[in-house]
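Residue numbers (our numbering): 148 to 303. Backbone N, C-alpha and C fix where the C-beta goes; we use that ideal spot for every residue, glycine too. Worksheet: the structure to be examined is printed underneath.
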């Protein structure tokens, strides 16, 4: 299952992502996440050059991988990709669900997070919307949790 959480900047997407991850982990599900860095004119901030694998990357390596005891990290020099390609090429674990923050125009089921009716109106053109949430409404999280549990326990 793949669910996208979409909305405008500062609408609560990351807050809802963290809440959703916690809820899914409480159900003992394996969760992978993908985040789209949609900030025009800037790129993601990488770990500093003081660590060896980043020294490799800064020296020109096209990909640098570090393996620890419990974690692995990969940094790859690559142009922006479609969400489908990222899922196919980069998600390397068996998962029950992939949560995606952003990528508004992709084809997967979407949860819209909004702060105002004008924001919601601007997002109404999106396809595959399965849920809409305004986080500051009373019972927003409780209603969302009920919907989410039903969604992940009654797979098609």
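Query                                                                                 : Result
Continuous alpha helix (DSSP H) stretch holding residue 172: start and end            : 160-173
Through-space distance from residue 176 to residue 186, alpha-carbon basis            : Unreliable placement is indicated for residue 186, whose pLDDT of 48 sits below 50; no coordinate value is reported for it.
Residue closest to residue 159, alpha-carbon to alpha-carbon, out of 240, 218, 281    : 281
Length of the line joining the Cα atoms of residue 151 and residue 262                : 17 Å
Element boundaries [beta strand (DSSP E), containing residue 257]                     : 256-260
Among 242, 294, 270, 293, the one whose alpha carbon lies nearest that of residue 249 : 270
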